[in-house]
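Structure, as structure tokens:
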Amino acid sequence: MIKVRGWQVNPYEIEEAIKCNVDGVKDCAVVGVKYGSDGHRPKAFVVGDVDKDDVKEFVKGSCE
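In full-length UniProt numbering, the protein residues as written are 1 to 64.
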């Protein structure tokens, strides 16, 4: 689990959402990266023939 602004976020759920909804993604791993004083932020590492902007757009619209 990753603590983001006081919320517990399951990285597996983000990984599965990216893999199932962004064309060209073969695999994905999400980890927590320390961010300021409010905990961590999820960071996705994506494998496949995919544009990073497509991944960002999906996450921005789906994971807020």
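Note that beta-carbon positions come from the ideal geometry of N, C-alpha and C, so glycine has one too.
- Here the alpha carbons of W7 and Y35 stand approximately 14 Å from one another.
- Within the DSSP bridge table, the entry for F45 names A29 as partners.
- Between V25 and G48, the beta carbon gap of about 5 Å places them in contact (Cβ cut-off 8 Å).
- For V59, there is no enclosing beta strand (DSSP E); the residue is found in the alpha helix (DSSP H) stretching over K52 to S62.
- Taking C-beta separations shorter than 7 Å and ignoring five residues to either side along the sequence, the partners of R5 in its chain run D38 and G39, following chain order.
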